[in-house]
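With the working numbering applied, the sequence shown corresponds to residues 378 to 840, in that order. Read the structure below first, then the notes.
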Amino acid sequence: MKDYIPVNWESSGSIIKVIGVGGGGGNAVNQMFQQGIKDVDFMICNTDTMALKNSPVPEKIQLGHDLAKGLGAGCDPERGRSAALESIDTIRASLSGQTEMVFITAGMGGGTGTGAAPVIAKLAKELNLLTVGVVTLPFRDEGMEFLKRAIVGIKELEKYVDSLLIIDNQKIYKIFGELNIFEAFPKSNSVLNSAVKGIAEIITRPGFINVDFADVKMIMQNSGMALLGTGTAEGENRAIRAVEEAFSSPLLNDYDLKTAKGVLVNITSSSNNGLTMAELSQIMDYIKEYTGENVQRFKRGVVNDPEIGEAISVTVVATGFDTHSLPQISSEGGTLVESVTLGDETPAQTQPERVIIDIKTSPRVQTEPMKNKESVRPAAQISTAASSIKSKPALILTPEDNIVDLENQPAYIRRKIMINKEERSSASSPREEQRGASSMRIEENDGKQHLLSDNSYLHQTQD
378 MKDYIPVNWE
388 SSGSIIKVIG
398 VGGGGGNAVN
408 QMFQQGIKDV
418 DFMICNTDTM
428 ALKNSPVPEK
438 IQLGHDLAKG
448 LGAGCDPERG
458 RSAALESIDT
468 IRASLSGQTE
478 MVFITAGMGG
488 GTGTGAAPVI
498 AKLAKELNLL
508 TVGVVTLPFR
518 DEGMEFLKRA
528 IVGIKELEKY
538 VDSLLIIDNQ
548 KIYKIFGELN
558 IFEAFPKSNS
568 VLNSAVKGIA
578 EIITRPGFIN
588 VDFADVKMIM
598 QNSGMALLGT
608 GTAEGENRAI
618 RAVEEAFSSP
628 LLNDYDLKTA
638 KGVLVNITSS
648 SNNGLTMAEL
658 SQIMDYIKEY
668 TGENVQRFKR
678 GVVNDPEIGE
688 AISVTVVATG
698 FDTHSLPQIS
708 SEGGTLVESV
718 TLGDETPAQT
728 QPERVIIDIK
738 TSPRVQTEPM
748 KNKESVRPAA
758 QISTAASSIK
768 SKPALILTPE
778 DNIVDLENQP
788 AYIRRKIMIN
798 KEERSSASSP
808 REEQRGASSM
818 RIEENDGKQH
828 LLSDNSYLHQ
838 TQD
């Protein structure tokens, strides 16, 4: 099958070309073509001839005519790469007209888009074209092998593009989770469309405050990771609501915009309901607050579009981030969490995970005390536990007793033990009498107890 190239392709006067590579990129470009983006040329490249035949885009290139034979790449990026290399001369001819800027769109993780997109990007850079990659990460339920291939493909593509926008399809679940699949899946293409259209129409639409290709090139050339947000609003507070929507766009991927080095802003309104100076000031103040003081290259444009009616549209492109990292990759409800660093930059240090235990909800474990071991128990349980212990008789006081007097009495008197007073006086020394101490001891012999006066403990203890 011959390569699909229209006869009059060289007569195109546009400097911007949007190339859809593989199935995902081709679907996105088909939607862009049908919706229309002003003064932009479209082209699709695929190894699958059926996908090419079904596309409304007039300019098409079959990749790897001899290698793939029109049957696709079978989720093999190396096969997609080889197919693109086989057709490299045809691709070069398509880019050699008046093209100055190339958007390369692809759904990463399959075969053709993952393998061929970096080859086309490398060629575009060799032709000194401003090259922007706009790619998607796959849904997590497509499998971890799909995700791993996507990461490898993105890291390869990053080597050759001036700027790279990454759209995480997993966010489609979070944003459009209530829609049925026939409505939700095209939303991914709509996000790609917004990214390409938002940048391209900054250049192609005339404006009161104009932004030309040189301005865009200044912001995006060799800028690394790029983020884009777009928002539209009408009615009361339309300016603030439009810029707020732009900064909450899924294209921003939760990055900290205060680290951006370049910012490109495009504001669109109609002449009948044109942007006021107060609204312009509100938008610019909002953007300045969110992007901080690190911005080195800044450009704004104000465009007139009669079709927008009473609404205002705000598009913000932020580039030049310090950390070129993919968004956190995680399985919904799973355990895999992986952060991928692009280029040679060192990923930011992450804090160790903290495990927090809610003591209030932790169950109290009741255990029985072990034998011959002391057990610590709550105070409320002490009296109950003590009453169950079999113990010796305690000292019982009557109201007439005085504890001080009782403490000064020898134990044998308190217990009313009868002993010979003469033995006690003869055995006791004056010093012991003075202390009130007894020198007697009890000895058991032949099952009988005998009271003796030679208490060795008292006589041999040092003062």
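Glycine included, every Cβ here is placed at the ideal spot set by N, Cα and C.
Pairing Gly488 with Gly697, the inter-Cα distance amounts to about 29 Å. In this structure, the CA atom of Glu578 is about 19 Å from the CA atom of Ile660. When DSSP reads this structure, Leu542 sits in a beta bridge with Val511. Gly639 has Arg674 and Thr696 as its beta-bridge partners, per DSSP. Closest in C-alpha terms to Pro583, from the list Ser459, Gly678, Leu462 and Ile438, comes Gly678. The alpha-carbon of Met478 is positioned some 16 Å away from that of Val406. Ala428 is classed as buried because its beta carbon has at least 16 other beta carbons within 10 Å across all chains shown. When the Cα atoms are used, Ala493 and Gln475 turn out to be separated by approximately 23 Å.
Annotation: Met485 is outside any alpha helix (DSSP H) and is labelled neither H nor E by DSSP. Rounded to whole angstroms, Tyr663 and Glu622 show a C-alpha spacing of 12 Å.
The alpha helix (DSSP H) runs of length 4 or more contained entirely in the region 592-666 are, from start to end of the chain, 615-624.
When rounded, the separation of the alpha-carbon atoms in Thr607 and Ala572 is 8 Å. Between the alpha carbons of Gly397 and Gly686 lies a gap of roughly 31 Å. DSSP, read as helix, strand or coil, puts Ala450 in coil. Rounded to whole angstroms, the separation of the alpha carbons of Leu634 and Glu666 is 10 Å. Taking a C-beta distance under 8 Å as the contact criterion, Leu440 and Thr424 qualify as a contact pair. Check the Cα spacing between Lys437 and each of Gly447, Ile421 and Ala445: the tightest is with Ile421. Rounded to the nearest whole angstrom, the CA to CA distance from Met409 to Gly399 is 15 Å.
With 16 or more other CB atoms across the displayed protein chains lying within 10 angstroms of its CB, Phe480 is buried. Taking Thr508 as the centre and dropping the five residues before and after it, the same chain places the C-beta of Val479, Ala498, Ala501, Lys502, Val538 and Asp539 closer than 6 Å to its C-beta, in chain order. Cα atoms of Lys551 and Thr513: separation of roughly 16 Å, rounded to the nearest angstrom. With respect to Gly486, Pro515 sits close: the two C-beta atoms are nearer than 8 Å.
Boundaries of the beta strand (DSSP E) around Val398: Ile393 to Val398. In the three-state reduction of the DSSP assignment, Gly530 falls in the helix class.
Rounded to whole angstroms, the gap between the alpha carbons of Ile531 and Asn546 is 14 Å. Three or more beta-carbon pairs drawn from the region 641-659 and the region 688-695 are found closer than 8 Å, and the two stretches are therefore classed as touching. Membership of Phe562 in the alpha helix (DSSP H) is indicated by the continuous run Ile558 to Thr581. C-alpha of Met597 to C-alpha of Ile468: approximately 23 Å in a straight line. The bridge partners DSSP lists for Gly584 are Val680.
Per DSSP, the beta-bridge partners of Met478 are Ile393 and Leu507. Taken through DSSP and simplified to helix, strand or coil, Leu828 comes out as strand. Scanning Ala527, Ile392, Asp518 and Leu504 for the CA closest to the CA of Val511 turns up Ala527.
Taking 8 Å as the upper bound for CB-CB distance, Gly402 and Gly520 are not in contact here, some 20 Å apart. Listed in chain order, the non-local C-beta contacts of Ala460 below 6 Å within the same chain comprise Thr424, Leu440, Gly441, Leu444 and Ala445, local neighbours out to five positions each way being set aside.
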